[in-house]
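Visitor: If you read the sequences in order, they're chains A and B. When we follow my numbering, the leftmost residue of the first sequence carries the number 2, and every step to the right adds one. When we follow my numbering, the leftmost residue of the second sequence carries the number 41, and every step to the right adds one. In this text, a Cβ means the ideal position worked out from N, Cα and C, and glycines have one as well.
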Amino acid sequence: MITIENLNFNYPKQSNLFNDLSLNIQAGSIHGLLGKNGSGKTTLLKIIAGLRFPNKGQCKAFGYETRYRSPEFMKELYFVPEEFYTPPVTMKQFVSIYSKFYPRFSTQQLFEYLKEFELPEDGKLSSFSYGMKKKFLISFGVATNCKILILDEPSNGLDIPSKSKLRRILASAISDDRSFVISTHQVRDIDQLIDPILIIEDGKVLFNHSLEDISKRLSVKAMDELPAEGVLHYEKTLGGYLVIQEKEDEESLAIDIETLFNAVINNKEKIREIFSDLDKN
Amino acid sequence: MNNYFNLQRFLQTLKNDIIRNSRNYLITLGAIAGILTSIDLLPGIITGKTLVPVHGYLPLFMLMGYIFSSLVFNEMHDPQKGLVFLTTPSSSLEKLFSKLLITSLLYVLVMWLFFQALTLFLNGLNAIFFGTEPTRFTFHWGIARIFIITQSVFLFASGYFRKNAFLKLLFAGFVLQMFFSFFSIINFKLFFNISDFHNIEIDALDLDMGRMADLIKALVYGARFTFLWLMAPFFWFMTYLRIAEKEV
Numbered sequence: 002m003i004t005i006e007n008l009n010f011n012y013p014k015q016s017n018l019f020n021d022l023s024l025n026i027q028a029g030s031i032h033g034l035l036g037k038n039g040s041g042k043t044t045l046l047k048i049i050a051g052l053r054f055p056n057k058g059q060c061k062a063f064g065y066e067t068r069y070r071s072p073e074f075m076k077e078l079y080f081v082p083e084e085f086y087t088p089p090v091t092m093k094q095f096v097s098i099y100s101k102f103y104p105r106f107s108t109q110q111l112f113e114y115l116k117e118f119e120l121p122e123d124g125k126l127s128s129f130s131y132g133m134k135k136k137f138l139i140s141f142g143v144a145t146n147c148k149i150l151i152l153d154e155p156s157n158g159l160d161i162p163s164k165s166k167l168r169r170i171l172a173s174a175i176s177d178d179r180s181f182v183i184s185t186h187q188v189r190d191i192d193q194l195i196d197p198i199l200i201i202e203d204g205k206v207l208f209n210h211s212l213e214d215i216s217k218r219l220s221v222k223a224m225d226e227l228p229a230e231g232v233l234h235y236e237k238t239l240g241g242y243l244v245i246q247e248k249e250d251e252e253s254l255a256i257d258i259e260t261l262f263n264a265v266i267n268n269k270e271k272i273r274e275i276f277s278d279l280d281k282n
Numbered sequence: 041m042n043n044y045f046n047l048q049r050f051l052q053t054l055k056n057d058i059i060r061n062s063r064n065y066l067i068t069l070g071a072i073a074g075i076l077t078s079i080d081l082l083p084g085i086i087t088g089k090t091l092v093p094v095h096g097y098l099p100l101f102m103l104m105g106y107i108f109s110s111l112v113f114n115e116m117h118d119p120q121k122g123l124v125f126l127t128t129p130s131s132s133l134e135k136l137f138s139k140l141l142i143t144s145l146l147y148v149l150v151m152w153l154f155f156q157a158l159t160l161f162l163n164g165l166n167a168i169f170f171g172t173e174p175t176r177f178t179f180h181w182g183i184a185r186i187f188i189i190t191q192s193v194f195l196f197a198s199g200y201f202r203k204n205a206f207l208k209l210l211f212a213g214f215v216l217q218m219f220f221s222f223f224s225i226i227n228f229k230l231f232f233n234i235s236d237f238h239n240i241e242i243d244a245l246d247l248d249m250g251r252m253a254d255l256i257k258a259l260v261y262g263a264r265f266t267f268l269w270l271m272a273p274f275f276w277f278m279t280y281l282r283i284a285e286k287e288v
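1. Please confirm whether S216(A) has its beta-carbon closer than 8 Å to some beta-carbon of chain B.
2. Between S109(B), G182(B), P119(B), L210(B), which has its C-alpha nearest W276(B)'s C-alpha?
3. Between which two residues does the alpha helix (DSSP H) carrying G250(B) extend?
4. Contact between the stretch 205–221 of chain A and the stretch 235–251 of chain A is defined here as three or more beta-carbon pairs at a separation below 8 Å; is this criterion met?
5. Specify the secondary structure class of D118(B) as computed by DSSP and reduced to three states.
6. List the whole-angstrom C-beta distance separating L57(A) from N7(A), where the pair is believed to meet the contact cut-off of C-beta under 8 Å.
7. Consider the Cβ of S130(B): report whether some Cβ of chain A lies at a distance smaller than 8 Å.
8. Mind checking if V182(A) is an interface residue toward chain B, Cβ cutoff 8 Å exclusive?
9. Does the stretch 43–51 of chain B come close enough to the stretch 221–230 of chain A that 3 or more CB-CB pairs lie under 8 Å?
10. Can you pull out the residues from the stretch 41–62 of chain B whose beta carbon lies closer than 8 Å to at least one beta carbon of chain E?
11. Note down the Cα distance separating S198(B) from P273(B), rounded to an integer number of angstroms.
12. Just the C-alpha distance for K208(B) and L111(B), rounded to the nearest angstrom, thanks.
13. Please name the residue, chosen from G96(B), E134(B), F154(B), F194(B), that lies closest to P72(A) on a Cα-to-Cα basis.
14. Which of the three DSSP states, helix, strand or coil, is assigned to N42(B)?
15. What residue does the beta strand (DSSP E) around F232(B) start on, and which one ends it?
16. For A184(B), does the three-state DSSP call read helix, strand or coil?
17. For Q59(A) and S78(B), what's the separation of their Cα atoms in angstroms?
18. If contact means a Cβ-Cβ distance below 7 Å, which residues of the stretch 186–209 of chain A contact chain B?
19. Looking at C-beta atoms only, is the number of pairs between the stretch 144–162 of chain A and the stretch 108–117 of chain A that lie closer than 8 Å three or more?
20. Output yes or no for whether 8 Å exceeds the beta carbon distance between L35(A) and L199(A).
21. Which residue marks the beginning of the beta strand (DSSP E) containing M2(A), and which one marks its end?
22. How is S62(B) classed by DSSP in three states: helix, strand or coil?
23. State the beta-bridge partners of I31(A) as determined by DSSP.
24. For K139(B), which of helix, strand or coil comes out of DSSP?
25. Starting from the N-terminal side, write out each stretch of the alpha helix (DSSP H) that is 4 residues or longer and does not extend beyond the stretch 46–122 of chain A.
26. Counting beta carbon pairs with one atom in the stretch 120–138 of chain A and one in the stretch 176–191 of chain A, are three or more of them shorter than 8 Å?
27. Output needed for R179(A): all residues of its chain with C-beta closer than 8 Å, excluding positions within five of it in sequence on either side, in chain order.
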């Protein structure tokens with residue numbers, strides 16, 4: 002669906018943010034884009050949306066080079082940024098203005114999502130709180146039924162009940178011909194939703210694997226004592242340690258994304274080695 | 041579907057622009073109406089006689105039009121508004137045409153209707169309170185043509201400058217004019233070998249006045265043709281490139 006090949010990018014007067022970055026984003030999944038601060042997550046999302054242009058290489062989505070912002074491509078993409086703007090109009094006016102650009106937009110779906118988020122069906126957007134505006138934009142974005150939905154830090158500013166509602170809405174809306182890309186630091190908010198997990202570091206894709214592949218190669222165990230060797234990452238818990246190791250037997254707890262992220266960032270070479278057969282494919 | 045221009049998409053973009061700009065449009069028209077009504081009524085209250093200030097319409101029409109054109113692409117330069125503007129599924133050409141239409145033809149039409157309505161209203165007020173004869177207002181369509189050509193520069197400035205496009209354009213125009221004046225003087229001095237501009241003796245220059253007249257005619261024709269037919273399309277094209285190449 003989205004193909005990025007040998008992408009180089011830098012902001013003016015800055016060193017390269019991406020060096021020969023290549024990436025394939027398939028339909029039918031909710032991709033979790035993770036990385037440290039300044040690793041270029043938002044920039045990568047903007048390149049996918051045609052808002053930033055690569056210095057070298059290219060980014061294509063269903064055959065269209067994204068930098069040309071062709072309407073045929075843009076009608077299949079909706080971007081909800083972390084910091085957003087809502088025009089000084091009512092919800093109904095917003096829907097009337099923008100929905101016509103998206104051929105599969107469903108008003109019925111929109112109302113369902115608004116109901117789920119406990120938002121009114123109409124009202125002045127300017128009178129809404131940040132969280133309410135964000136819930137409205139996410140609802141609108143999902144209701145466009147476009148092929149690519151980009152969400153940058155979608156759970157920021159959402160109250161606790163809304164975070165689980167967000168997970169429910171996204172999980173129910175994903176289909177074989179759609180792809181959601183979610184960039185976030187709040188990985189616990191989207192735990193059990195994102196698959197595959199994509200980590201970028203030092204201008205390259207450091208890790209891009211499905212939960213199935215991860216669970217086949219890594220194990221998480223609760224242990225009283227730290228093993229002498231083979232520990233990729235550990236976290237101290239109340240009763241002992243939570244340890245990530247290369248998988249040797251079937252015994253494993255569910256993988257927590259935050260722990261996995263730390264394991265990948267701190268053991269780049271070892272992780273690359275463990276997943277090397279998949280990377281070659 | 042055409043990726044460059046599609047009528048349905050264009051009309052939707054235009055509707056979008058009109059809805060989002062209508063509030064500012066109405067506030068500005070209200071303010072102009074208020075100012076012109078005050079200018080009309082004040083002399084009447086003081087002296088008992090007044091006339092509709094139709095002579096003020098034209099400068100207001102030009103000035104407001106240029107300021108409006110200078111602001112029309114502001115949203116594109118703001119990171120958050122720019123994201124909405126650039127990701128809206130219409131082509132750069134449709135986005136340009138929509139902004140061009142609301143700042144040129146639609147603006148002229150709205151202002152024409154507005155001035156007609158205001159003249160009618162003020163004539164009514166003047167007749168009731170001061171018993172004055174109605175003033176006639178004639179809109180010079182030639183001026184509208186000049187406006188549409190010249191506003192293309194302000195439209196381009198709006199796409200080019202991030203902030204204060206109107207003032208920056210005036211400043212840039214001033215600097216350019218200074219540069220060309222200086223350049224022309226230097227050329228003139230070198231070409232005719234004149235050292236003192238205050239005491240030029242035309243006869244001493246040994247000019248072929250017949251050929252000079254032809255040259256001046258050709259220059260005037262060229263300048264006129266450039267102004268009427270080339271200037272606006274050039275700036276529209278430059279604005280199009282700016283939209284297509286804009287990153288946020």
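Guide: In short, the structure shows the following:
1. On the first sequence, residue 216(A) is found 215 positions in, with the first residue counted as 1. For S216(A), the answer is no, since every Cβ of chain B falls outside 8 Å of its Cβ.
2. Numbered from 1 along the second sequence, position 236 holds the residue referred to as residue 276(B). Nearest of S109(B), G182(B), P119(B), L210(B) to W276(B), Cα basis: S109(B).
3. Residue mapping note: residue 250(B) aligns to position 210 of the second sequence, counting from 1. From DSSP, the alpha helix (DSSP H) with G250(B) extends over 249–265.
4. Yes, the stretch 205–221 of chain A is in contact with the stretch 235–251 of chain A.
5. Sequence index remark: in the second sequence, residue 118(B) carries index 78 (1-based). For D118(B), the secondary structure class from DSSP, reduced to helix, strand or coil, is coil.
6. The count along the first sequence starts at 1 and reaches residue 57(A) at position 56. The count along the first sequence starts at 1 and reaches residue 7(A) at position 6. At residue 57(A) the sequence reads Lys, which differs from the Leu that was named. Cβ atoms of K57(A) and N7(A) come within 8 Å of each other, at about 7 Å.
7. Working through the second sequence from its first residue, we reach residue 130(B) at position 90. Closer than 8 Å: yes.
8. Here residue 182(A) refers to the residue found at position 181 when the first sequence is read from its first residue. V182(A) does not count as touching chain B.
9. In short, these stretches do not touch, since the Cβ pair count stays below three.
10. Any reference to chain E falls outside this structure, whose protein chains are A and B.
11. Position 158 of the second sequence holds residue 198(B). Position 233 of the second sequence holds residue 273(B). Their backbone Cα atoms lie some 16 Å apart in a straight line.
12. Within the second sequence, the letter at position 168 stands for residue 208(B). Within the second sequence, the letter at position 71 stands for residue 111(B). Each residue's alpha carbon lies about 12 Å from the other.
13. For this step, residue 72(A) is matched to residue 71 along the first sequence. Minimum Cα distance to P72(A) is reached at E134(B).
14. Within the second sequence, residue 42(B) is the residue found at index 2, counting from 1. In the three-state scheme derived from DSSP, where H, G and I count as helix and E and B as strand, N42(B) is classed as coil.
15. Residue 232(B) sits at position 192 when you count from the first residue of the second sequence. Note, F232(B): premise wrong, no beta strand (DSSP E); alpha helix (DSSP H) at 205–232.
16. Working through the second sequence from its first residue, we reach residue 184(B) at position 144. Three-state result, A184(B): helix.
17. Translated into the one-based positions of the first sequence, residue 59(A) becomes position 58. Translated into the one-based positions of the second sequence, residue 78(B) becomes position 38. In this structure, the straight-line span from the alpha carbon of Q59(A) to that of S78(B) is close to 60 Å.
18. From the stretch 186–209 of chain A, no residue has a Cβ closer than 7 Å to chain B.
19. Touching, per the Cβ criterion.
20. Start at 1 with the first residue of the first sequence, and residue 35(A) comes out as number 34. Start at 1 with the first residue of the first sequence, and residue 199(A) comes out as number 198. Less than 8 Å separates the beta-carbon of L35(A) from that of L199(A).
21. Within the first sequence, residue 2(A) is the residue found at index 1, counting from 1. For M2(A), there is no enclosing beta strand (DSSP E), as DSSP marks it with neither H nor E.
22. By one-based count along the second sequence, residue 62(B) stands at place 22. Three-state DSSP puts S62(B) in a helix.
23. Here residue 31(A) corresponds to residue number 30 of the first sequence, with the count starting at 1. According to DSSP, I31(A) bridges with F181(A), D196(A).
24. Locating residue 139(B) in the second sequence gives position 99, where the first residue counts as 1. The answer is helix: DSSP assigns K139(B) an H, G or I state.
25. The qualifying runs are 72–75, 92–99, 108–117.
26. Judged by Cβ distances under 8 Å, the stretch 176–191 of chain A makes no contact with the stretch 120–138 of chain A, as fewer than three pairs qualify.
27. Within the first sequence, the letter at position 178 stands for residue 179(A). Contacts found: A28, G29, N146, C147, K148, I149, L150.
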